[in-house]
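**Student:**
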Amino acid sequence: RARKCISNSRRCYKQWFGFMVLIMSFCVSYVDAVWPMPQMISSSMARYTLNPREFLFQYSSGSSAQSGCSVLDSAFKRYFPLIFTDYTRPRQHDEWFRFPFTVVVHVERAECEDYPDADSSESYKLSVRSGQAALRAETVWGALRGLESFSQLVYQDDFGEYFVNETEIEDFPRFQFRGILLDTSRHYLPLHAILKTLDAMSYNKFNVFHWHIVDDPSFPYQSSTFPDLSRKGAFHPSTHVYTQIDVKRVIAHARLRGIRVLAEFDSPGHTQSWGKGQPGLLTPCYKGTVPSGTFGPVNPANFSSYQFMTRLFKEVTSVFPDSYIHLGGDEVDFTCWKSNPDVRGFMLKMGFGTDYTKLESYYMENMVNITKGLNKTAIVWQDVFDYHEKIPVDTVLHIWKGSPGQIQQELSTITLAGYRVILAAPWYINHINYGQDWKTYYTIQPLNFTGTEQQKKLVIGGEVCMWGEYVDATNLSPRLWPRASAAAERLWSDERMTSSVIDAYPRLVDFRCRLLRRGIQAEPLFVGHCRHEYQGI
Numbered sequence: 005r006a007r008k009c010i011s012n013s014r015r016c017y018k019q020w021f022g023f024m025v026l027i028m029s030f031c032v033s034y035v036d037a038v039w040p041m042p043q044m045i046s047s048s049m050a051r052y053t054l055n056p057r058e059f060l061f062q063y064s065s066g067s068s069a070q071s072g073c074s075v076l077d078s079a080f081k082r083y084f085p086l087i088f089t090d091y092t093r094p095r096q097h098d099e100w101f102r103f104p105f106t107v108v109v110h111v112e113r114a115e116c117e118d119y120p121d122a123d124s125s126e127s128y129k130l131s132v133r134s135g136q137a138a139l140r141a142e143t144v145w146g147a148l149r150g151l152e153s154f155s156q157l158v159y160q161d162d163f164g165e166y167f168v169n170e171t172e173i174e175d176f177p178r179f180q181f182r183g184i185l186l187d188t189s190r191h192y193l194p195l196h197a198i199l200k201t202l203d204a205m206s207y208n209k210f211n212v213f214h215w216h217i218v219d220d221p222s223f224p225y226q227s228s229t230f231p232d233l234s235r236k237g238a239f240h241p242s243t244h245v246y247t248q249i250d251v252k253r254v255i256a257h258a259r260l261r262g263i264r265v266l267a268e269f270d271s272p273g274h275t276q277s278w279g280k281g282q283p284g285l286l287t288p289c290y291k292g293t294v295p296s297g298t299f300g301p302v303n304p305a306n307f308s309s310y311q312f313m314t315r316l317f318k319e320v321t322s323v324f325p326d327s328y329i330h331l332g333g334d335e336v337d338f339t340c341w342k343s344n345p346d347v348r349g350f351m352l353k354m355g356f357g358t359d360y361t362k363l364e365s366y367y368m369e370n371m372v373n374i375t376k377g378l379n380k381t382a383i384v385w386q387d388v389f390d391y392h393e394k395i396p397v398d399t400v401l402h403i404w405k406g407s408p409g410q411i412q413q414e415l416s417t418i419t420l421a422g423y424r425v426i427l428a429a430p431w432y433i434n435h436i437n438y439g440q441d442w443k444t445y446y447t448i449q450p451l452n453f454t455g456t457e458q459q460k461k462l463v464i465g466g467e468v469c470m471w472g473e474y475v476d477a478t479n480l481s482p483r484l485w486p487r488a489s490a491a492a493e494r495l496w497s498d499e500r501m502t503s504s505v506i507d508a509y510p511r512l513v514d515f516r517c518r519l520l521r522r523g524i525q526a527e528p529l530f531v532g533h534c535r536h537e538y539q540g541i
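Read left to right, the sequence shown gives residues 5 to 541 (this note's numbering).
1. How would you call Pro408, buried or exposed, if buried means at least 16 neighbouring beta carbons within 10 angstroms?
2. Using a Cβ cut-off of 9 Å (strictly closer), state whether Arg511 contacts chain D.
3. Per DSSP, what kind of secondary structure is Val32 in: helix, strand or coil?
4. Would you identify the three-state DSSP class for Ser65, choosing helix, strand or coil?
5. Among the candidates Thr444, Leu529, Ile524, Cys469, whose CA atom is the shortest distance from the CA of Ser503?
6. Suppose you measure from the CA of Pro224 to the CA of Glu170; what does that come to, to the nearest Å?
7. Quick test of your reading: Pro482 and Arg516, contact by CB under 8 Å. State the CB separation rounded to the nearest angstrom.
8. Under 9 Å between the Cβ atoms of Lys565 and Thr229?
9. Between the C-alpha atoms of Lys18 and Gln156, what's the straight-line distance to the nearest angstrom?
10. Taking C-beta to C-beta, are Leu286 and Gly300 nearer than 9 Å?
11. Check whether the Cβ atoms of Tyr166 and Leu54 lie closer than 9 Å to each other.
12. Rounded to whole angstroms, what's the CA-CA distance from Val531 to Leu484? Just pull it up for me.
13. At 4 residues or longer, and completely inside the segment 362-406: list those alpha helix (DSSP H) runs for me, N to C.
14. Go through its chain and collect everything with a Cβ distance to Pro42's Cβ below 6 Å, but skip five positions before and after it.
15. Put His97 into one of helix, strand or coil per three-state DSSP.
16. Given a threshold of 16 other Cβ atoms within 10 Å of its Cβ, counted over all protein chains shown, does Ile506 qualify as buried or as exposed?
17. From what residue to what residue does the beta strand (DSSP E) around Thr1 run?
18. Return yes when the Cβ of Cys289 is within less than 9 Å of the Cβ of Pro295, no when it is not.
19. Given that a residue counts as buried once 16 or more other Cβ atoms are within 10 Å of its Cβ, and exposed if not, what is Tyr438?
20. If you compare alpha carbons, which of Met354, Thr419, His402 is closest to Ala305?
21. Could you check the C-alpha separation between Thr275 and Pro241 for me, to the nearest Å?
22. Could you tell me the distance, in whole angstroms, from the CA atom of His97 to the CA atom of Gly164?
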């Protein structure tokens, strides 16, 4: 064999060089495999073998969180099979080499039974050395992010052995709000599809599930105060509803993954399904002097509308523990209000003239005050600001529309007025294009607008929106992932370190394959394959 190699040195050199390139690319791909990219990561080629039988998670002696911490105890159980994907417990007589390895977790402030909130710290430090990984975090939420990063550092060779490279990570999110919106009104999403999305969100370090739970087509939220809302407004009163138990399960599942659940009950528009179970709530439309039999937005001229909303939101704010509630306020069609004589009379009485934006302002100001009285902070769509409505300065504005130039102007105007902003407009990924549109989502620059540093601090994050006109459980995951992963890195990572789609592509391909192995149906970025293809539901 040696003589043959010497006699054909050129071929041997090519084989040797190709082999070394393969080895280097294999090692580098796994060393840099963490998605989204940490703020600081350094790795060496030194690697350590992991033996599932000799691997364990434990709390440090000085950690505020100890055994019995629900968030981390469940995370330890959850991450073992994610790290050792192929592991099946060997038979008694099987022999294993001893490679003990411990992930030691230290948490400064135990919040084990709490819910994550808008101010929760997600920073962590991770040091991987021979025989041990030291994970330090201020909170359990930061520890969760560190465990996810560690899980992505572990890889297998062709013989099925597990390895992790020597690594140092210091990490924290660029933006505090990193959300995914699911629309469960236009198509009902079964509970398992929502829970699976929460799993994938945690792999991507998203931390807010924006649940657009009701809208014009259906009202699937089963209210204990107003049961007719779902009984008459859902697609089906028993099979296409979210019971109180279902909602609690979603909230619990999200909490254990460090994800907030932000409920949205959009009004006064987008409420056709509400009217089916609550007579008198919507505005009767007129054709001339005669009712047409159709209905428009919530009737802002009736005091009973605000009584109803107060009772409904008292329930909603007790069910959803997050300190924020989304009130909507977008796309209100004034046609029906203009046709209704009672509404026109109310306009004159209030001195609004014929300016129906003032009527919407009146309604939204009342809604914000209702939620404020329930000790919740309101999030509203940008329309509320655009109509010059008088809302508290702690209200958060949600940008959902406009050309790139208009979005930049909106960011400048809203932050100049002192309001906090969530940016969603560039990440409406229910819109699909042929080709690699993830690149568009990856290159968004949320702070690329004219404003002071103080204004830019008011941009608290961004959100990926998956509206449901053409999406249900059959295509939710592949349409969402890994395209949403591009936004995940933009919202978590340092923009200067992640500006190149060329550098991001192989990392995202690798991460997409990891999602497949974890049971997430993530569509391919381009031509190619995964070492472990999707094995089915």
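Each residue gets a CB set at the ideal place from its N, CA and C atoms; glycine is no exception. All figures in this text were calculated on a predicted structure; none of them were measured in a lab.
**Tutor:** The structure says:
1. Walking along the sequence shown from the start, residue 408 turns up at place 404. With a threshold of 16 other beta carbon atoms within 10 Å, Pro408 falls short and is exposed.
2. Structure shown: chain D not included; a single protein chain is present.
3. Reading the sequence shown from its first residue, position 28 is the one you call residue 32. Residue confidence for Val32 is low, a pLDDT of 41 falling below 50, so the modelled location carries little weight and cannot support an answer.
4. If you number the sequence shown from 1, residue 65 lands on position 61. Coil, per DSSP.
5. Here the question's residue 503 lines up with position 499 in the sequence shown. In terms of CA proximity to Ser503, Thr444 leads the group Thr444, Leu529, Ile524, Cys469.
6. Counting from 1 along the sequence shown, the entry for residue 224 is found at position 220. Counting from 1 along the sequence shown, the entry for residue 170 is found at position 166. Pro224 and Glu170: Cα-Cα distance of roughly 49 Å.
7. Stepping through the sequence shown from its first residue, residue 482 is reached at position 478. Stepping through the sequence shown from its first residue, residue 516 is reached at position 512. Wrong, their Cβ atoms sit about 11 Å apart, outside the cutoff.
8. There is simply no residue 565 to check, as the chain begins at 5 and stops at 541 in what is shown.
9. Position 14 of the sequence shown holds residue 18. Position 152 of the sequence shown holds residue 156. At Lys18 the pLDDT is 38, less than 50, meaning the model places this residue with poor confidence; the figure from the coordinates comes in the next sentence. Rounded to whole angstroms, the gap between the alpha carbons of Lys18 and Gln156 is 32 Å.
10. In the sequence shown, the residue the question calls residue 286 occupies position 282. In the sequence shown, the residue the question calls residue 300 occupies position 296. Going by beta carbons, Leu286 and Gly300 fall inside the 9 Å limit.
11. Against the sequence shown, residue 166 aligns to sequence position 162. Against the sequence shown, residue 54 aligns to sequence position 50. Result yes, Cβ atoms of Tyr166 and Leu54 sit closer than 9 Å.
12. Taking the first residue of the sequence shown as position 1, residue 531 is located at position 527. Taking the first residue of the sequence shown as position 1, residue 484 is located at position 480. Taking the straight line joining both Cα atoms gives about 19 Å.
13. Counting only runs of 4 or more residues that sit fully inside the segment 362-406, the alpha helix (DSSP H) segments are 387-390, in chain order.
14. Along the sequence shown, read from residue 1 onward, the residue named residue 42 stands at position 38. So the qualifying residues of the chain are Ile173, Asp175.
15. For the purposes of this step, residue 97 is identified with residue 93 of the sequence shown, where counting begins at 1. Interpretation of His97 is limited by its pLDDT of 48, a score under 50 that renders its predicted location unreliable; no figure is taken from the coordinates.
16. Taking the first residue of the sequence shown as position 1, residue 506 is located at position 502. Exposed is the call here.
17. The structure shown has nothing for residue 1, since the chain only spans 5 to 541.
18. As a first step, residue 295 is located in the sequence shown; it is residue number 291 there, counting from the start. As a first step, residue 289 is located in the sequence shown; it is residue number 285 there, counting from the start. Yes, the pair counts as a contact, with Cβ atoms nearer than the cut-off.
19. The residue given as residue 438 occupies position 434 in the sequence shown. Exposed, because fewer than 16 other Cβ atoms sit within 10 Å of the Cβ of Tyr438.
20. As a working mapping, residue 305 is identified with position 301 in the sequence shown. Of the candidates Met354, Thr419, His402, the one whose C-alpha sits nearest the C-alpha of Ala305 is Met354.
21. Here the question's residue 275 lines up with position 271 in the sequence shown. Here the question's residue 241 lines up with position 237 in the sequence shown. Thr275 and Pro241 have their C-alpha atoms spaced approximately 17 Å apart.
22. Position 93 of the sequence shown, counted from the first residue, corresponds to residue 97. Position 160 of the sequence shown, counted from the first residue, corresponds to residue 164. In this prediction, His97 scores a pLDDT of 48, lower than 50, which makes its location untrustworthy; no coordinate-derived value is stated.
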